[in-house]
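Below you'll find the structure, written out as structure tokens, and then a few comments.
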Amino acid sequence: MKNNWPLWEVFVRSKNGLEHRHFGSLHAADAEMALDNARDVYTRRSEGVSIWVVESKNITASNPSENGEMFEPAHDKVYRHPTFYNLPDEVKHM
Amino acid sequence: MKQDTLYQYILGIADNSLILGQRLGELCGHGPTLETDIAITNISLDLIGQTRSYYQYAAGLCDDGRTEDDIAFLRKEREYRNVLLVEQPNTHFGYVMVRQFFFDVFHLLFLKELQQSSDETLVAIANKAVKEVTYHQRFSSDWVKRLGDGTKESHEKIQEAVDDLWRYTEGLFYVTEVESAAVKDGIGVAVSSLKDAYYEHIKSVLTEATLSVPEHSFFQKGGKDGIHTEHMGYLLSDLQYMQRTFPNMNW
Chain X
10 MKNNWPLWEV FVRSKNGLEH RHFGSLHAAD AEMALDNARD VYTRRSEGVS IWVVESKNIT
70 ASNPSENGEM FEPAHDKVYR HPTFYNLPDE VKHM
Chain H
72 MKQDTLYQYI LGIADNSLIL GQRLGELCGH GPTLETDIAI TNISLDLIGQ TRSYYQYAAG
132 LCDDGRTEDD IAFLRKEREY RNVLLVEQPN THFGYVMVRQ FFFDVFHLLF LKELQQSSDE
192 TLVAIANKAV KEVTYHQRFS SDWVKRLGDG TKESHEKIQE AVDDLWRYTE GLFYVTEVES
252 AAVKDGIGVA VSSLKDAYYE HIKSVLTEAT LSVPEHSFFQ KGGKDGIHTE HMGYLLSDLQ
312 YMQRTFPNMN W
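This is the structure in structure tokens:
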């Protein structure tokens with residue numbers, strides 16, 4: 010059978026307080042079916058408490074061939090990282 | 072209530088889940104798409120999980136050391152008490168969904184009543200199962216509407232399944248002697264009282280799906296009394312193959 014259904018991206022929140030994370034993609038005829046399919050494909054081992062689905066075509070992605078101008082300028086600007094502070098010993102878990 | 076009557080009553084409930092679970096299990100790996108394949112297998116596992124709870128309870132009522140596996144695998148065809156609807160074959164996806172829909176609507180009404188039983192174990196099983204079956208009904212109703220109100224071909228195919236499987240619906244409401252005894256003791260569900268709500272629900276979904284409700288009033292008898300259709304033997308030979316070939320084998 011040829012599958013003409015559009016592709017959907019699935020985002021799942023694993024527990025309250027955490028953000029939704031991208032879990033994968035699947036095919037479905039519409040949003041309602043995408044939600045049901047996502048429930049069956051991605052949360053059957055109790056991985057989540059909330060699901061978002063969005064049709065893949067609605068996602069605008071950066072172009073890998075433009076990675077140079079998009080990302081490389083950030084590589085040599087170490088001062089943008091908060092690594093130049095001296096932390097007192099009493100501060101833990103940083 | 073006599074232990075044996077309770078035992079028989081539990082099997083009457085559980086056998087529906089076992090046989091439908093087995094039917095759906097046959098589809099594992101056969102699609103029609105990856106997503107529906109997993110959904111159908113999930114439903115199958117829900118049903119077999121419910122079956123295990125019932126059979127474990129039933130096995131505990133006997134003092135001859137029998138286990139849930141003995142009950143599932145080592146009975147003869149006439150000792151299975153499932154309704155005829157659930158043993159019908161997976162002719163095509165339309166049949167799979169209509170069979171599921173016809174059963175789910177009954178199953179949910181039934182479990183909601185079973186939650187009021189005076190038997191604590193049955194109430195506990197029903198409380199867990201009711202959430203699973205609520206989803207099953209949502210899934211199968213959704214597909215009946217999609218296929219009915221879909222393309223010309225999908226409409227024709229699902230109408231064919233509705234027309235063919237309709238004759239097995241009334242068997243759901245047949246009351247056996249064991250059931251009457253269980254109802255009298257406050258344990259069992261009076262299935263005949265669910266009938267009006269059942270057909271009302273079924274008809275409203277079929278209408279929404281632009282499908283016609285069959286008018287014929289011939290209903291196939293059997294199932295709960297152990298008299299099955301010709302499909303049952305083949306199903307059981309698959310189901311029981313391992314235990315019959317390698318008696319007492321374990322995982």
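As they're listed, the protein sequences go chains X and H.
FYI, in my numbering the residues of the first sequence are 10 to 103.
FYI, in my numbering the residues of the second sequence are 72 to 322.
C-beta atoms are modelled at their ideal positions from N, C-alpha and C, and glycine is treated no differently.
If you're wondering where the values come from, they're calculated on a predicted model, not measured in any experiment.
For residue 271 (chain H), there are no CB contacts under 6 Å within the same chain when 5 residues up- and downstream are skipped. When C-beta distances to chain X are compared with 7 Å, the residues of the segment 103-125 of chain H below that value are 103, 104, 106, 109, 110, 113, in chain order.
The beta-carbon of residue 173 (chain H) is placed no less than 8 Å from the nearest beta-carbon of chain X. When C-beta atoms of the segment 262-271 of chain H are compared with those of the segment 188-197 of chain H, fewer than three pairs fall below 8 Å, so the two segments do not count as touching. In this model, residue 56 (chain X) and residue 37 (chain X) are separated by some 21 Å (Cα to Cα). Bridge pairing for residue 22 (chain X): X:59 [DSSP].
Secondary structure note for residue 36 (chain X): it is in no alpha helix (DSSP H), and the uninterrupted beta strand (DSSP E) holding it is 30-36.
Residue environment: residue 279 (chain H) is assigned as exposed (fewer than 16 neighbouring CB atoms within 10 Å of its CB, all protein chains considered).
In this chain, the alpha helix (DSSP H) harbouring residue 108 (chain H) covers 105-132. The continuous alpha helix (DSSP H) containing residue 278 (chain H) extends over residues 266-279.
Residue 241 (chain H) carries a helical assignment under DSSP once its states are collapsed to helix, strand and coil. Residue 16 (chain X) has its alpha-carbon roughly 27 Å from the corresponding atom of residue 79 (chain X). Nearest in C-alpha terms to residue 249 (chain H), of all of H:261, H:311, H:298, is H:261.
The criterion of a C-beta distance shorter than 8 Å is satisfied by residue 295 (chain H) and residue 242 (chain H). Within the DSSP secondary-structure output, residue 16 (chain X) pairs in a beta bridge with X:36.
In the structure shown, residue 301 (chain H) adopts coil according to DSSP, grouped into three states. One finds 45 in chain X with Cβ atoms closer than 8 Å to the Cβ of residue 210 (chain H), taken in chain order.
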